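Heads up: the protein sequence lines correspond to chains A and B, in order. Just so we're aligned: the first sequence equals residues 1 to 92 in the working numbering. Just so we're aligned: the second sequence equals residues 1 to 368 in the working numbering. From the three backbone atoms N, C-alpha and C, an ideal C-beta is built for every residue, glycine too. In this text the structure is predicted, and so the values were computed from the model without any measurement.
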Amino acid sequence: MAHISFTSNLQKHVSVDSLEVISGSGDSLAQVFTQVFVQYPALKTYLVDDQFRLRQHVAVFVDHTLVREKDLTKVHCAVHADIFVAQALSGG
Amino acid sequence: MSHKTVHTHLFAATRKGLVRYRRHEHSYVFEQVHFIGEPVTMLLHDTHNQRFYAALRLGHFGPKLHRSDDNGQTWQEIATPQLPKQDDDKPQEKGNSVDMIWSMACTEKRIWLGTIPGALFYSDDGGDSWHLVESLWNAPERSGWFGGGYDQPGIHSICIDPRKPERVIIAISCGGVWRTEDNGRTWALSAKGLFAAYMPPELATQENTQDPHCMVMCAANPDVLWIQHHNGIFLSEDNAHHWQQIHGVTPSDFGFAVTVDPSNENLAWFVPGIKDECRLPKDYALCVTHTPDRGKRFNVHRAGLPTEPSFDLVYRHALAISEDGKTLAFGTTTGNLWCSSDAGKHWQCLSHTLAPINLLAFARLAHK
Chain A
1 MAHISFTSNL QKHVSVDSLE VISGSGDSLA QVFTQVFVQY PALKTYLVDD
51 QFRLRQHVAV FVDHTLVREK DLTKVHCAVH ADIFVAQALS GG
Chain B
1 MSHKTVHTHL FAATRKGLVR YRRHEHSYVF EQVHFIGEPV TMLLHDTHNQ
51 RFYAALRLGH FGPKLHRSDD NGQTWQEIAT PQLPKQDDDK PQEKGNSVDM
101 IWSMACTEKR IWLGTIPGAL FYSDDGGDSW HLVESLWNAP ERSGWFGGGY
151 DQPGIHSICI DPRKPERVII AISCGGVWRT EDNGRTWALS AKGLFAAYMP
201 PELATQENTQ DPHCMVMCAA NPDVLWIQHH NGIFLSEDNA HHWQQIHGVT
251 PSDFGFAVTV DPSNENLAWF VPGIKDECRL PKDYALCVTH TPDRGKRFNV
301 HRAGLPTEPS FDLVYRHALA ISEDGKTLAF GTTTGNLWCS SDAGKHWQCL
351 SHTLAPINLL AFARLAHK
C-alpha cells in the first residue's frame with residue numbers, strides 16, 4: 001500500500017484526507033494517482049493538467065525525494081511508498 | 001430588456017481577488033471581495049439568467065471556473081475546459097494544456113470561452129460541460145500563431161453579433177481575427193487591413209499573425225468594431241470584413257484596452273502607452289483618449305488623473321463602460337482604479353491600493 005498525504009493548503013479548495021491505495025511492484029506514480037482521483041475526483045485538476053502532467057507548481061515527494069519529472073507515467077513508485085503532495089514555493 | 005441607465009455594481013478582477021463596488025451617488029464604493037488572494041482572469045455576467053461566471057488562475061493548482069446564482073454571495077466550482085490528449089511528437093501540440101481562461105461571452109443558449117493557448121470552447125448547459133471548437137483548433141493556420149505578451153497565443157476577445165448569434169468574431173494574440181457564421185462549425189480569417197510592423201515587411205499584412213490586443217463591437221451597430229492593435233487603432237465598418245487604421249492619434253496609438261459606447265459606434269475610448277516593451281504612459285502622464293466621431297479626432301483627458309509621474313498600464317480587459325454611455329472605469333497593473341461619470345472628461349480615484357487589475361465589468365444586480 002502506498003500512503004499519500006497532502007498539504008493543508010489544498011483544503012481551501014478541495015476537502016481531502018490522507019489515504020492509502022494499493023500499489024503493485026512496477027506501478028507508476030500515474031497509476032497511484034489515478035486511484036487517488038477515483039476517491040477524490042475534484043482533486044484531479046488541482047494536481048495535474050489536462051494532459052495528466054503534474055502541474056508546474058505542485059511538488060510531489062516520494063519517500064522524501066522531490067519528483068522532478070512532470071510525466072507521472074515515467075516515475076516508478078515503490079509498493080510501500082510514502083507520498084506527500086505540496087504546493088511549491090514557486091508559483092504563488 | 002434594454003437598459004440605458006448606469007449599472008448598480010462594478011467588479012474589478014485582480015491578481016488577488018474579485019473586488020466588488022456598489023453604486024453610490026455618482027461613484028462606486030467598496031462592498032466586498034470574492035476569492036480573496038486568488039488571481040481572477042475573467043468574469044462573465046449572463047444577464048439572461050443572472051448568473052455570474054468567474055475564472056481563476058491559481059498559481060499552484062491551475063485554471064478554475066466558478067459560477068454564482070445569487071449575485072456572487074456564494075460560488076460553486078464547475079467544470080474547467082480541457083484539451084484532448086495532445087501528441088507531444090507534433091510541434092503544434094507539444095506542451096498544450098489550458099493555462100488561462102482569457103475571454104467569455106454568451107447568448108441565451110451558449111457560452112463561448114477562449115483560453116491560452118488559443119483554444120475556443122463552448123457550453124450549452126450553463127458551464128456544466130465544455131466542448132472544444134475543433135474546427136478552429138484543427139485549422140492548419142493555427143501553427144502560424146504565436147504568443148503576444150504571454151508565451152502562447154490566446155483568445156482574448158469574443159464578439160457575438162446580436163442580430164445573428166451564430167455569427168461570432170474572435171481576436172487572438174497573435175493569430176489575427178477570425179469569424180464564424182454558423183455557430184462555430186466553420187471559421188475564416190477576418191483581418192484584412194490589419195498591419196503588423198513587427199513582422200518581416202513582406203508578411204506585415206498577413207492576417208493570421210496579427211496582434212489585436214483587444215476587439216469590441218458596438219451593440220447598437222454591430223457592423224462597427226474597434227481594435228486596439230499592437231500597431232495602432234483600427235476600425236471596421238463592415239462587420240470585421242475589412243479594417244482601416246486610424247492615423248494621427250496622440251499622444252500614442254499604442255495600448256491594450258478599447259471600449260465603445262454601446263449605443264453609439266462613433267464614441268470609443270483608449271488608454272495609450274509607449275510601444276513596444278516600455279509600456280508606460282508617454283512622458284509618465286497617464287491619460288485617456290476619446291474619439292467623438294469615429295476616429296476623425298481624439299480628445300486627451302487627464303482631469304483627475306495623477307499629476308506625478310505615472311507607471312500605470314491598463315490591460316486589455318480593464319477599461320469598461322456602463323450602458324448609460326457616460327460612466328466609465330479603468331484599472332491598472334499598479335492597482336489603481338478610476339471612474340468617470342461624464343464620458344471620461346473627469347476621473348475620480350476609487351482605489352490606489354488594489355492588486356494588479358486584470359479586468360473591469362459593470363453589472364446590474366437583480367434582486368433574488
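query, result
"Residues that DSSP places opposite B:K192 in a beta bridge", "B:H242"
"Coarse secondary structure for A:T73, derived from DSSP in three states", "helix"
"Continuous alpha helix (DSSP H) assignments of at least 4 residues falling wholly in the stretch 129-217 of chain B", "134-137"
"B:R279 in three-state terms, based on DSSP", "coil"
"Residue interval of the beta strand (DSSP E) (run including A:K44)", "Where A:K44 is concerned, there is no enclosing beta strand (DSSP E), although the alpha helix (DSSP H) it sits in stretches over K44 to L47."
"Contact with chain B by A:A88, beta-carbon distance below 8 Å", "yes"
"Of the residues B:C287, B:G62, B:H45 and B:H34, the one placed nearest A:L10, counting alpha carbons only", "B:G62"
"8 Å Cβ cut-off: residues of chain B touching A:R55", "H60, F61 and G62"
"Given 8 Å, three or more beta-carbon pairs between the stretch 62-69 of chain A and the stretch 14-26 of chain B", "no"
"B:D298 versus B:T307, B:V288 and B:L58, residue with shortest Cα-Cα distance", "In the sequence under discussion, the amino acid at residue 298 of chain B is Phe, which differs from the Asp named in the question. The option with the nearest alpha carbon to B:F298 is B:V288."
"Contact between the stretch 128-144 of chain B and the stretch 99-109 of chain B (3+ Cβ pairs under 8 Å)", "no"
"Residues that DSSP places opposite B:Y21 in a beta bridge", "B:L10 and B:F30"
"Under the three-state DSSP convention, the category B:Y284 falls into", "helix"
"Residue range of the beta strand (DSSP E) that includes A:A2", "A2 to F6"
"Whole-angstrom distance between B:I78 and A:S25, CA atom to CA atom", "36 Å"
"Cβ pair count under 8 Å reaching 3, the stretch 239-259 of chain B against the stretch 293-313 of chain B", "yes"
"Sufficient close CB pairs (3 or more, under 8 Å) joining the stretch 223-233 of chain B to the stretch 264-281 of chain B", "yes"
"Supposed contact pair A:A81 and A:A2 - C-beta distance, whole angstroms, cut 8 Å", "4 Å"
"Assigned secondary structure, A:T34 (DSSP; H/G/I helix, E/B strand, else coil)", "helix"
"Residues of the stretch 77-90 of chain B whose Cβ lies closer than 7 Å to any Cβ of chain A, in chain order", "T80, Q82, L83, K85 and Q86"
"A:L29 versus B:T80 - alpha carbon distance", "24 Å"
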